[in-house]
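Taken in order, these protein sequences are the chains called C and E.
For what it's worth, our numbering labels the leading residue of the first sequence as 1, then goes sequentially.
For what it's worth, our numbering labels the leading residue of the second sequence as 1001, then goes sequentially.
For each residue, glycine too, the CB sits at the ideal point set by N, CA and C.
Working notes, structure below.
2 protein chains.
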Amino acid sequence: MSADRPASDFGPDLPTRAQIEAMDQADPLLLMRRRFDLPGGLIYLDGNSLGALPRGVAAHLGEVTRQQWGDRLIAGWSEGWMDLPLKTGALIAPLIGADEDEVIACDSTSINLFKLAAAALLARPDRSVILSEEGNFPTDLYMFDGLARLASLAGRPIHLRTVSADHLIDALDEDVALLALTHVNFRTARAHDMANLSAAAHQKGALCLWDLSHSVGAVAVDLHQSGADLAVGCGYKFLNGGPGAPAFLYVAKAMQNKLDNPLAGWMGHRDPFAFAPGYEPAPDIRRFACGTPPILGLSALHQALTLFSEVDLEALFEKGQALCDVFLSLIARHADLCVLSPTKRGARGCHVALAHPDARAITGRLAARGVVVDFRPPDIMRFGFAALYCRYIDAYDAAMILNSECCVSPQALADGGL
Amino acid sequence: MSADRPASDFGPDLPTRAQIEAMDQADPLLLMRRRFDLPGGLIYLDGNSLGALPRGVAAHLGEVTRQQWGDRLIAGWSEGWMDLPLKTGALIAPLIGADEDEVIACDSTSINLFKLAAAALLARPDRSVILSEEGNFPTDLYMFDGLARLASLAGRPIHLRTVSADHLIDALDEDVALLALTHVNFRTARAHDMANLSAAAHQKGALCLWDLSHSVGAVAVDLHQSGADLAVGCGYKFLNGGPGAPAFLYVAKAMQNKLDNPLAGWMGHRDPFAFAPGYEPAPDIRRFACGTPPILGLSALHQALTLFSEVDLEALFEKGQALCDVFLSLIARHADLCVLSPTKRGARGCHVALAHPDARAITGRLAARGVVVDFRPPDIMRFGFAALYCRYIDAYDAAMILNSECCVSPQALADGGL
């Protein structure tokens, strides 16, 4: 076995398919897979891009459409729709170590990033820098840059400063208003130490904003314990809320009535249906809402989230890491294949990124063999392991198919990798 | 008949119910009502708040959920979802006198107002005022005010200036960057003269932004002919896109690649899936998109919009005005009831606003008798007439029930109103 092969529970010998099947049989989460409508014969390892369809969602959407919208019409707003952003946020809260009244589901991740970064700039008017990471998800950087352009309109410029992950703490100075990072990197799955970086930001008087898009529902996150001020996240990846599902945002309780959301739509007003000419923000997390809530998308997301209430979250996050470990222990290493993801548990999200010069073509060949992963330019394949519905046998089969598509002979694999 | 009774086609005598039924039978749009799932026995006059459910939408949503999301999973993005914001915008374009490549469905009305107003401020950096109308829909004013707070962060203040409708032209000066108005007022249904006001804004070097939330699908709008630069509108009122449906925005072709959208999300990038670190805006209307498109909501809206492709728009808008006229001609006037809406065709949207000191209670009594209208503080009832599914008999019956609930005797009505 090559030196860079990660630790696995299998010892020096690679596991057999039967051993892996036994792991699935022993998995307390195995039955959750039946709660998803997964196409037969597919190994779906792209739940980090778009989560699979939970079985109850289509029927629930039918009910929302026919009974709530069709039959109840405008009455729907007073019969549950108005509360749906908060009710949905309340189901996300336990996944990220937040209280129910600290999370609201609304808008897109991009818009929520803008709201909270803008609120941070308004709260630190004597500072002019948003600090982020090179290689952060592009929309995060684009939104901060757009915010800087807009906030600079009338005078002193606001800047987006990006540095590599290892230089973040050095780049924190007294001019930084906000440290804005994605917890788990969308390419490499590398996870930042939230507590450490949040503390470093606070030490310099900056606020911190965490994008949890690749963390929420995938790995344990404890916003309270890690001292996060602000967070956002995506509803359509590991939360399984459907294509383009509403996103969410978190604001620590103590800051909620101190921050000014400049995307001050009517749903953030203390009393939207007073139709008052002047904006008076809600005294709580609702002030970070904006326009009319998207009931169809929110209903799908809310229904999907109920699955998380049924499982032991510790077991779920443990399984996600174990799936990645199994996969990493089985892929054959050779000169052209580079493991970009940390191999150590806890330092990584729930996907494994591999670089290969032929990554685009290999992704296509995997798809032709029923293994759905995604390609990220220039040369990255991402294998996502959503523990609610992925099995150990999926990780095993995907690794074997990948090995054969990377032109590794079964003999070479049996010999312990290249 | 009192002097303020509007002109009607019925002459001095009030029409009989049979005469009204004959109008429905002669209506070329009558069969469109069957394309909606309307609860039996209800007179739904609230399509200006939430449009009714078009019959095909629930089945289409089921297909999008089960077949597109459930079966095709991530492949959905390359099999139609990415184009859905533009395809949906293309169905809205003919309703507002725009070209297909000038409209995109995205985000909420509030967010779209912010994008376009911010773009206008960035395009007029030497000007500091957004001019709007007192009594505009609150979210419009709130968003402009939030934008002003944010853009003022670093120096010279940006202001929101509001004046009454009759003083708008006087309030236009060389410091106005943007004239931002709602075409049809949400309370009174009074319609602005778009061409006249747009020209006045241009004369002072300002841009103009029109909120079409209460116009689109209800009255004829011609953005090209009226010289509008920018527009936004709502998807869940007369467009019947469902609760919290995505909104839309319009940018005149010639301005699209000149304006900077500071809500610069990845879907506005020239090539979102390049995941480039720097933002390069799309050269067309797509630059005004932001986050990942909400496919469930967009699919419902797109399906609902196909109904407009089947009708003669001139006949539709004519019928909307006629429904209001019938209603206005039948309501009995008395000292407590004040007609807030213009009675002249063309000066009004597709709802009729009545003020009454007991408006809230009367709204409740109407609902108990199956007539759904809405109440707007402090004392306004809005009767909305969505011509795709409202009948003349609905206008007749609603007027008769209103008259009886306003304590007007049938004899007083027969005598020609009070």
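Answer with yes or no whether the minimum CB distance from T88 of chain C to chain E is below 7 Å.
The residue labelled residue 88 of chain C in the question sits at position 88 within the first sequence. Not closer than 7 Å to any Cβ of chain E, the Cβ of T88 of chain C fails to qualify, so no.
For a contact meaning CB atoms closer than 8 Å, what does I1111 of chain E contact in chain A?
The question asks about chain A, but that chain is absent: this structure's protein chains are C and E.
Residues of the region 291-314 of chain C with Cβ closer than 8 Å to any Cβ of chain E, in chain order
Cβ contacts with chain E: G291, T292, P293, P294, I295, L296, G297, L298, A300.
Proximal residues to P1294 of chain E (C-beta, below 7 Å), its chain only, five neighbours per side dropped:
Along the second sequence, read from residue 1 onward, the residue named residue 1294 of chain E stands at position 294. Within the same chain, and ignoring the five residues on either side of P1294 of chain E in sequence, the residues whose Cβ sits closer than 7 Å to its Cβ are P1246.
Write down the C-beta distance between D1336 of chain E and H1356 of chain E rounded to the nearest angstrom, noting that I regard them as a contact closer than 8 Å.
The residue labelled residue 1336 of chain E in the question sits at position 336 within the second sequence. The residue labelled residue 1356 of chain E in the question sits at position 356 within the second sequence. Right, the Cβ-Cβ distance comes to about 6 Å (below 8 Å), so this counts as a contact.
Would the beta-carbon of I1331 of chain E fall within 7 Å of that of R1369 of chain E?
In the second sequence, the residue the question calls residue 1331 of chain E occupies position 331. In the second sequence, the residue the question calls residue 1369 of chain E occupies position 369. Between I1331 of chain E and R1369 of chain E, the gap from beta carbon to beta carbon reaches 7 Å or more.
Which word fits T1109 of chain E, buried or exposed, when buried means at least 16 other C-beta atoms lie within 10 angstroms of its C-beta?
Along the second sequence, one-based indexing puts residue 1109 of chain E at 109. Under a 10 Å Cβ-count criterion, T1109 of chain E is classified as buried, with 16 or more other Cβ atoms of the shown protein chains found around its own Cβ.
Could you have a look at E1280 of chain E and say whether DSSP puts it in helix, strand or coil?
In the second sequence, residue 1280 of chain E corresponds to position 280, counting from 1. For E1280 of chain E, the secondary structure class from DSSP, reduced to helix, strand or coil, is coil.
Cα-Cα separation, L1131 of chain E to L1160 of chain E:
Taking the second sequence and counting its residues from 1, one reaches residue 1131 of chain E at position 131. Taking the second sequence and counting its residues from 1, one reaches residue 1160 of chain E at position 160. About 6 Å.
Which chain C residues sit within Cβ distance under 8 Å of A1118 of chain E?
In the second sequence, residue 1118 of chain E corresponds to position 118, counting from 1. Here the neighbours are L150.
Distance check for L230 of chain C and K258 of chain C, CA to CA, integer angstroms please.
Residue numbering aside, residue 258 of chain C sits at position 258 when the first sequence is read from its first letter. Residue numbering aside, residue 230 of chain C sits at position 230 when the first sequence is read from its first letter. Computed Cα separation, rounded: 13 Å.
Taking the beta carbon of D83 of chain C as the centre, do at least 16 other beta carbons fall within 10 Å, making it buried, or is it exposed?
In the first sequence, counting from the first residue as 1, residue 83 of chain C sits at position 83. It is exposed - the Cβ of D83 of chain C has fewer than 16 other Cβ atoms within 10 Å.
Give the straight-line distance between the Cα atoms of G984 of chain E and L1042 of chain E, rounded to the nearest whole angstrom.
Since the first residue of chain E shown is 1001 and the last is 1418, residue 984 of chain E is not available in this structure.
List the whole-angstrom C-beta distance separating G242 of chain C from V57 of chain C, where the pair is believed to meet the contact cut-off of C-beta under 8 Å.
Reading the first sequence from its first residue, position 242 is the one you call residue 242 of chain C. Reading the first sequence from its first residue, position 57 is the one you call residue 57 of chain C. Contact between G242 of chain C and V57 of chain C holds, since their C-beta atoms are separated by about 7 Å, short of 8 Å.
Output yes if chain E places a C-beta closer than 7 Å to the C-beta of A7 of chain C; else output no.
Here residue 7 of chain C refers to the residue found at position 7 when the first sequence is read from its first residue. Note that A7 of chain C has pLDDT 39, beneath the 50 cutoff, so the model's placement of it is unreliable and the number below is only indicative. Answer no: the Cβ-Cβ gap between A7 of chain C and chain E never drops below 7 Å.
By the 10 Å Cβ neighbour count, where 16 or more other Cβ atoms means buried, how is N1196 of chain E classified, buried or exposed?
Within the second sequence, the letter at position 196 stands for residue 1196 of chain E. N1196 of chain E counts as exposed, since fewer than 16 other C-beta atoms from the protein chains shown sit within 10 angstroms of its C-beta.
Counting C-beta neighbours from all protein chains within 10 Å, is the total for S164 of chain C 16 or more, i.e. buried, or is it exposed?
Numbered from its first residue, the first sequence carries residue 164 of chain C at position 164. Exposure of S164 of chain C is indicated by the presence of fewer than 16 other C-beta atoms within 10 angstroms of its C-beta.
S1299 of chain E versus L1223 of chain E: straight-line alpha-carbon distance, rounded
Numbered from 1 along the second sequence, position 299 holds the residue referred to as residue 1299 of chain E. Numbered from 1 along the second sequence, position 223 holds the residue referred to as residue 1223 of chain E. So the alpha carbons of these two residues sit roughly 25 Å apart.
Leaving out five residues before and five after D1027 of chain E in sequence, what residues of the same chain have Cβ atoms less than 8 Å from its Cβ?
On the second sequence, residue 1027 of chain E is found 27 positions in, with the first residue counted as 1. Hits under 8 Å: K1319, R1391, Y1392.
Does the region 21-36 of chain C come into contact with the region 377-397 of chain C, if we say contact requires no fewer than three beta-carbon pairs (one atom in each stretch) closer than 8 Å?
Touching, per the Cβ criterion.
CB contact check: P39 of chain C to chain E, cutoff 7 Å
Position 39 of the first sequence holds residue 39 of chain C. Yes, P39 of chain C counts as interfacial toward chain E.
Provide the residue span of the alpha helix (DSSP H) that contains L999 of chain E, from first to last.
The structure shown does not extend to residue 999 of chain E, since chain E is modelled only from 1001 to 1418, so the question has no answer here.
Is there a Cβ of chain E sitting closer than 7 Å to that of A58 of chain C, yes or no?
Counting from 1 along the first sequence, the entry for residue 58 of chain C is found at position 58. By this cut-off, A58 of chain C is an interface position.
Mind listing the chain E neighbours of E134 of chain C? Cutoff is C-beta to C-beta under 8 Å, in chain order.
Along the first sequence, read from residue 1 onward, the residue named residue 134 of chain C stands at position 134. Residues of chain E whose Cβ lies closer than 8 Å to the Cβ of E134 of chain C are, in chain order, P1277.
Neighbouring residues, chain E, relative to I244 of chain C (Cβ below 7 Å)
Mapped onto the first sequence, residue 244 of chain C falls at position 244. According to the sequence as given, residue 244 of chain C is Gly; it is not Ile. Within 7 Å Cβ-Cβ: T1292, P1293, P1294, I1295.
Whose C-alpha, out of C:P377, C:A387, C:F273, is nearest the C-alpha of A322 of chain C?
By one-based count along the first sequence, residue 322 of chain C stands at place 322. Residue C:A387 is the option with its Cα nearest to A322 of chain C.
With distance defined between alpha-carbon atoms, name the residue in C:R127, C:V251, C:E405, C:M143 nearest to F114 of chain C.
Position 114 of the first sequence, counted from the first residue, corresponds to residue 114 of chain C. Nearest C-alpha to F114 of chain C: C:M143.
How big is the Cα-Cα spacing for N1136 of chain E and L1181 of chain E?
Along the second sequence, read from residue 1 onward, the residue named residue 1136 of chain E stands at position 136. Along the second sequence, read from residue 1 onward, the residue named residue 1181 of chain E stands at position 181. C-alpha separation (whole angstroms): 7 Å.
State yes or no: is the C-beta of G346 of chain C within less than 7 Å of the C-beta of G1297 of chain E?
To locate residue 346 of chain C, count along the first sequence from 1; it is residue 346. To locate residue 1297 of chain E, count along the second sequence from 1; it is residue 297. Going by C-beta atoms, G346 of chain C is not nearer than 7 Å to G1297 of chain E.
Burial state of V1064 of chain E, where buried means 16 or more other Cβ atoms lie within 10 Å:
Start at 1 with the first residue of the second sequence, and residue 1064 of chain E comes out as number 64. Label assigned to V1064 of chain E: buried.
Would you call the CB atoms of A399 of chain C and V371 of chain C closer than 7 Å?
For the purposes of this step, residue 399 of chain C is taken as the residue at position 399 of the first sequence. For the purposes of this step, residue 371 of chain C is taken as the residue at position 371 of the first sequence. It is not a contact, given that the beta carbons lie outside the stated cut-off.
Looking only at its own chain, which residues have a Cβ that is under 6 Å from the Cβ of G1233 of chain E, when we skip the five neighbours before and after it?
Position 233 of the second sequence, counting from 1, holds the residue named residue 1233 of chain E. Excluding sequence neighbours, G1233 of chain E sits near L1212, S1213, V1216, F1248.
D140 of chain C (DSSP reduced to helix, strand or coil):
Stepping through the first sequence from its first residue, residue 140 of chain C is reached at position 140. If DSSP states are grouped into helix, strand and coil, D140 of chain C belongs with the helices.
L1172 of chain E to A1200 of chain E, Cα distance in whole Å?
Residue numbering aside, residue 1172 of chain E sits at position 172 when the second sequence is read from its first letter. Residue numbering aside, residue 1200 of chain E sits at position 200 when the second sequence is read from its first letter. One C-alpha to the other measures close to 8 Å.
Please look up how many angstroms separate the CB atoms of A1289 of chain E and M1267 of chain E, rounded, as I've assumed it's under 8 Å.
The residue labelled residue 1289 of chain E in the question sits at position 289 within the second sequence. The residue labelled residue 1267 of chain E in the question sits at position 267 within the second sequence. A Cβ-Cβ separation of about 4 Å places A1289 of chain E in contact with M1267 of chain E under the 8 Å criterion.
Secondary structure of W81 of chain C, DSSP reduced to three states
For this step, residue 81 of chain C is matched to residue 81 along the first sequence. W81 of chain C falls in the coil class under three-state DSSP.
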